[in-house]
Amino acid sequence: MGSALSQHISRGVERVLRLYGWFTRIKCLEYDRLAQVLVPLGSDMVDVAVIGAGQTKYGNHQLGLKGMWAEAAENAFSSVDKNFDPHQVDEAFIGSVAFGGAQLGNTAALLTEHSGLDGIPVRRVENACASSGFALRDAWMAIKSGQADIVVAGGIEKMNDLSAERKRFWLGVSGDTEWERLAGLTFPGTYALMARRHFHEHESSHDDLVHISVKNHMHGFDNEQAHLRKQVSFDKAENGFMVADPLTLYDCCPTSDGASCVILAADHVVRQFTDDPVWVRSSGAASDRLALHDRPSITQLLATQKASQSAYSAAGLTANDVDLAEVHDCFTIAELMATEDLGFSEHGQGGIFAREGNGIRNEGSVCINPSGGLKSKGHPLGATGTGQAVEVFKQLRGSVENTRQVRDAEIGLTHNVGGSGATCAVHIFGRDRNV
Amino acid sequence: MSENQHWKGYLVVEAEDSLYIQSPYVHEEKIVYGPDSDSTTMAVAAIQLMQINGHQINAIHLPESIDASTVYLATGVDSPFHNDELEFDEIKWDVLAGDEATLVVAKVDTEICDFDAPQDVEIIDAEFHNDMGEAWCLEQSTSNVSQGAYVSQSQYLEGARARLSLASQNVDGNLIWPPRQLDSLGRRLPSESELLIGKAKVESWTKLSAAGAPSEFSLRAPILGGLQTLLVSFEQGPRGVFLVTDDVDYSPVIGDIVHFAVRKIYAQEGIIRYGLKAIPVRQ
């Protein structure tokens with residue numbers, strides 16, 4: 002009760018201060034000091050919005066790291082409706098696994114140097130395939146804490162400029178190296194173990210995974226940014242080359258090059274740049290044990306459950322409120338489990354959910370992976386998380402290709418997983434500000 | 142006087158104070174090692190059987206070809222190559238290596254009797270045998286180094302005892318394996334003190350295509366047609382993932398029972414890394 006009252010009071014005082022800051026555009030010392038005192042009293046003092054977002058096409062790029070990042074940043078900058086230039090950015094967080102080691106250290110400094118962001122605090126965020134999901138969270142936190150007003154969150158990965166032999170050394174580096182890798186496992190293998198166990202414990206089968214593959218290829222077919230723009234028949238997906246029994250080629254995402262960039266702004270500066278922001282309603286994140294054998298269950302990702310519960314709770318929403326979700330389908334079984342862990346279906350019912358045609362664009366209550374997901378849009382590891390946010394930003398603003406627009410979407414969710422579930426970031430976005 | 146039996150994928154003949162062990166594979170009329178065995182893995186199996194049969198083996202003489210550290214970590218049996226402070230007179234047991242893939246473990250004062258060679262041998266496919274031999278040679282070369290993911294020697298050794306002997310940590314009666322460091326209160330967990338029962342149940346499995354195999358296995362996975370991995374649960378609770386011994390043609394079923402044997406996992410920078418692999422229990 003006391004906590005709620007103090008939050009209420011602090012929000013009121015903070016709004017006055019925000020107005021003060023808004024009209025004067027002066028960040029006086031007193032304001033900063035007061036904000037520091039008030040931050041602990043109210044956990045959500047500053048609301049955060051996405052004001053711009055852009056990415057490269059995913060796939061096999063001729064461009065190198067600098068070129069790809071510049072293209073994504075340029076697309077994000079130009080998507081801001083008015084008055085934006087990169088010198089206004091206070092800080093940047095860039096997710097990357099630094100696959101192949103091309104610029105393993107100081108990745109963010111190199112990239113921002115080539116995108117008009119010289120001199121600001123920057124860092125690479127590494128959390129495997131969830132790197133830029135966590136970069137987005139870090140950017141959101143930087144604004145929420147009052148330390149920054151405009152922050153760039155992005156991600157990048159260059160995966161297809163390595164020889165097949167060198168690539169083999171880098172695939173699976175985010176799994177449990179000491180035990181799982183030495184038992185012959187890379188990620189197709191770990192997800193195959195999950196799939197077979199899910200089939201054993203629940204009413205699910207490989208056919209359910211095929212439904213997911215077909216859906217995501219259908220969604221990605223119209224996405225100009227997607228890596229694999231081709232429709233796939235049920236028969237073809239069912240009989241693909243066996244990669245890791247029971248997962249076939251059509252259950253696995255491609256290895257993609259790509260970069261993505263999102264620009265976040267504090268509520269008191271948003272209207273300088275757009276009258277049509279997409280609000281970050283909440284951010285949730287969690288971690289779990291790295292190796293499958295150290296977890297109590299391998300048919301659910303506890304990190305996803307925790308992260309999504311945290312995000313739903315902070316946003317005051319449930320899974321039923323979500324109109325579209327960009328879900329981390331590095332393998333089709335990952336999407337099946339995510340539909341359960343995110344609450345779109347009951348635990349163990351993900352197979353039935355897919356089999357009944359749920360998740361298809363404009364055919365049910367929620368569209369899952371309108372971009373085509375990692376399966377079709379592609380999976381440039383470090384770029385995937387903010388790439389999901391780019392898709393949600395555009396979908397909620399109604400600016401994707403007409404053929405693939407999710408109608409009347411108000412709430413979008415991104416779900417970005419690192420490895421086989423060791424890390425997870427979930428973000429909820431809305432057309433309306435959370436006030 | 143002697144009895145033939147299968148033990149951890151090898152053929153064994155036991156006598157009172159000695160044991161003969163050999164690979165079950167034959168190539169050009171010679172007994173040869175299988176795709177993931179060598180004299181070290183066979184010595185470990187032999188010593189473990191002697192221990193199960195009640196022999197107290199504290200220290201043993203090993204031929205130079207056998208990795209003394211692996212033998213110690215897997216069996217607890219010391220040897221001069223592992224511990225140079227051992228007194229020669231303290232050592233009551235010998236491992237003698239034959240010309241082919243055979244070993245004898247015997248008390249030092251035992252007169253080695255003639256063992257009847259086991260008949261239950263299998264002719265190994267010549268092309269497979271040669272290809273695997275060449276692959277292991279390349280893999281064991283000092284120039285075979287990682288260009289990415291890497292388990293260093295110290296990281297390997299940190300978990301080697303648990304990896305080779307299933308030694309687990311006992312925390313208030315609950316066994317933890319593989320070993321962990323601090324608990325949720327920030328207290329350091331005890332070191333491994335209790336061996337897991339060496340049988341487990343298959344919870345899931347996969348066969349990964351050669352193209353998707355980790356780089357450590359890239360030379361051998363194409364010859365094997367992929368890598369088969371089992372996720373198993375031990376009766377005492379812990380779970381683990383294991384390759385299958387000899388890469389046998391095994392179609393697992395969830396619920397199958399397996400036991401374990403020390404085998405070669407991979408080699409890098411001239412060093413072989415050993416670990417446990419699963420053997421399906423014969424029905």
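Here the protein sequences line up with chains A and B, keeping their order.
The numbering used here numbers the first residue of the first sequence as 2 and each following residue consecutively.
The numbering used here numbers the first residue of the second sequence as 142 and each following residue consecutively.
Cβ coordinates follow ideal geometry from the N, Cα and C atoms, glycine included.
Computed from a predicted structure; not experimentally measured.
Rounded C-alpha distance that separates residue i from residue j
{"i": "A/Lys231", "j": "A/Glu392", "result": "19 Å"}
{"i": "B/Asp397", "j": "B/Trp346", "result": "11 Å"}
{"i": "A/Asp324", "j": "A/Ile412", "result": "5 Å"}
{"i": "A/Gly22", "j": "B/Arg321", "result": "Low confidence applies to A/Gly22: its pLDDT is 45, below 50, so where it sits in the model is not reliable enough to give any reading."}
{"i": "B/Glu357", "j": "B/Gln409", "result": "8 Å"}
{"i": "A/Ala316", "j": "A/Met195", "result": "31 Å"}
{"i": "A/Met46", "j": "A/Ala326", "result": "26 Å"}
{"i": "B/Ala302", "j": "A/Gly185", "result": "Just to set this straight, residue 302 of chain B is Arg in the shown sequence, not Ala. Roughly 20 Å between the two C-alpha positions."}
{"i": "A/Val271", "j": "A/Ala73", "result": "21 Å"}
{"i": "A/Asp258", "j": "B/Ala341", "result": "42 Å"}
{"i": "A/Ser377", "j": "A/Ile361", "result": "14 Å"}
{"i": "B/Val154", "j": "A/Leu105", "result": "56 Å"}
{"i": "A/Met69", "j": "A/Lys58", "result": "9 Å"}
{"i": "B/Lys171", "j": "A/Asp236", "result": "49 Å"}
{"i": "A/Asn403", "j": "A/Glu364", "result": "16 Å"}
{"i": "B/Pro165", "j": "B/Ile193", "result": "21 Å"}
{"i": "B/Ser210", "j": "B/His223", "result": "6 Å"}
{"i": "B/Ile395", "j": "B/Leu417", "result": "20 Å"}
{"i": "A/Gln8", "j": "A/Trp280", "result": "For A/Gln8, the pLDDT reaches just 47, beneath the cut-off of 50, and the residue's location in the model is therefore unreliable, leaving the point undetermined."}
{"i": "B/Arg414", "j": "B/Gly217", "result": "18 Å"}
{"i": "A/Thr108", "j": "A/Phe94", "result": "10 Å"}
Nonlocal neighbours in the same chain, by C-beta distance under 6 Å from residue i, ignoring five residues either side
{"i": "A/Ser205", "result": "His199, Gly352"}
{"i": "A/Thr333", "result": "Leu210, Ile213, Ser214, Asp252"}
{"i": "B/Leu286", "result": "Correcting the residue identity first, residue 286 of chain B is Val in this sequence and not Leu. So the qualifying residues of the chain are Glu410."}
{"i": "A/Gly1", "result": "This structure cannot settle anything about residue 1 of chain A, because the visible part of chain A is limited to 2 through 436."}
{"i": "B/Asp272", "result": "Ile364"}
{"i": "A/Leu291", "result": "Asp177, Ala423"}
Cβ-based neighbour list, residue i, same chain, cut-off 7 Å, excluding 5 preceding and 5 following
{"i": "B/Leu298", "result": "none"}
{"i": "B/Leu337", "result": "Leu307, Ser309, Leu316, Trp318, Phe375, Gln377, Pro379"}
{"i": "A/Thr249", "result": "Gly241, Phe242, Met243"}
{"i": "B/Gln146", "result": "Val153"}
Start and end residues, alpha helix (DSSP H) containing residue i
{"i": "B/Gln163", "result": "Taken as a continuous stretch (DSSP letters only), B/Gln163 belongs to no alpha helix (DSSP H), being part of the beta strand (DSSP E) at 159-163."}
{"i": "A/Lys67", "result": "66-80"}
{"i": "B/Pro363", "result": "362-365"}
{"i": "B/Cys278", "result": "267-280"}
{"i": "A/Glu92", "result": "Segment 92-96 is the beta strand (DSSP E) holding A/Glu92; no alpha helix (DSSP H) there."}
Extent of the continuous beta strand (DSSP E) run through residue i
{"i": "B/Ile310", "result": "Before going on, a small fix: residue 310 of chain B reads as Gln here, not Ile. Run containing B/Gln310: 308-312, per the beta strand (DSSP E) assignment."}
{"i": "B/Met183", "result": "First-last for B/Met183: 180-193, but that is the alpha helix (DSSP H), not the beta strand (DSSP E)."}
{"i": "A/Val263", "result": "259-267"}
{"i": "A/Val233", "result": "It is not in any beta strand (DSSP E) - A/Val233 carries neither H nor E in the DSSP assignment."}
{"i": "A/Ile52", "result": "49-56"}
{"i": "B/Phe383", "result": "380-384"}
{"i": "B/Ile406", "result": "398-409"}
{"i": "B/Ser350", "result": "Run containing B/Ser350: none; DSSP gives neither H nor E here."}
{"i": "B/Glu155", "result": "151-155"}
{"i": "A/Ser132", "result": "Element bounds for A/Ser132: not the beta strand (DSSP E) but the alpha helix (DSSP H), 132-145."}
{"i": "B/Gly416", "result": "412-421"}
{"i": "A/Gly413", "result": "412-419"}
Test item: CB-CB of residue i and residue j under 8 Å
{"i": "A/Pro278", "j": "A/Ile52", "result": "yes"}
{"i": "A/Gly156", "j": "A/Ser133", "result": "yes"}
{"i": "A/Ala384", "j": "A/Phe135", "result": "no"}
{"i": "A/Ala338", "j": "A/Gln396", "result": "First, the amino acid is wrong: residue 338 of chain A is Met here, not Ala. No, the pair does not count as a contact, with Cβ atoms beyond the cut-off."}
{"i": "A/Glu179", "j": "A/Val98", "result": "no"}
{"i": "A/Val328", "j": "A/Ile369", "result": "yes"}
{"i": "B/Thr283", "j": "B/Gly411", "result": "yes"}
{"i": "A/Asp91", "j": "A/Ile151", "result": "yes"}
{"i": "B/Ile162", "j": "B/Ala186", "result": "yes"}
{"i": "A/Gly420", "j": "A/Asn217", "result": "no"}
{"i": "A/Leu293", "j": "A/Thr187", "result": "no"}
{"i": "B/Val245", "j": "B/Leu160", "result": "yes"}
{"i": "B/Ala276", "j": "B/Val236", "result": "no"}
{"i": "A/Ile121", "j": "A/Val49", "result": "no"}
Chain-order list of residues whose beta-carbon lies under 8 Å from that of residue i (same chain, five-residue window excluded)
{"i": "A/Glu202", "result": "Thr300, Gly349"}
{"i": "A/Thr319", "result": "Tyr313, Gly344"}
Proximity test, residue i beta-carbon vs the ligand ADP heavy atom, cut-off 7 Å
{"i": "B/Glu170", "result": "Among the ligands in the structure shown, none appear at all, so the ligand ADP cannot be discussed."}
### Every unbroken beta strand (DSSP E) inside the stretch 294-381 of chain A [3 residues or more]
325-327
#### Entry: Start-end ranges of the alpha helix (DSSP H) lying completely within the stretch 181-266 of chain B, minimum 4 residues
209-216
### Query
Which whole runs of the alpha helix (DSSP H) in the stretch 154-234 of chain A are 4 residues long or more, in chain order?
165-171, 188-202, 207-222
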